[in-house]
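In UniProt numbering, the protein residues as written are 1 to 96.
For glycine and all other residues, C-beta sits at the position ideal for the given N, C-alpha and C.
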């Protein structure tokens, strides 16, 4: 069977939230990228709730973990608390 993956990049800034909400009506799943230094931001929470309302599967990825950022366990706890999801790391920053 042939599969096709179309990646749609949406802006995370609140100025573009209407465009982002409209885009989320056309997707089957989402990859949510969380900045390792900033953690879960308010717009991230809003977009996550839209995905949750649409029953979209979401893969959450924390980037910038190779830089000076917050403690890995602190970020995991924040994601679990703010987004109300169970977190299972699939990869781990080297040296942590």
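query	result
Residue interval of the alpha helix (DSSP H) (run including residue 3)	Looking at the DSSP string, residue 3 is not in any alpha helix (DSSP H), and its letter there is neither H nor E.
Spatially closest choice to residue 27 from 15, 86 and 8, by CA coordinates	8
Residue ranges of each beta strand (DSSP E) within the stretch 61 to 88, 3 or longer	none
Cutoff 8 Å; reference residue 59; Cβ partners in own chain excluding five residues on either side	29, 30, 31 and 32
For residue 47, three-class secondary structure by DSSP	helix
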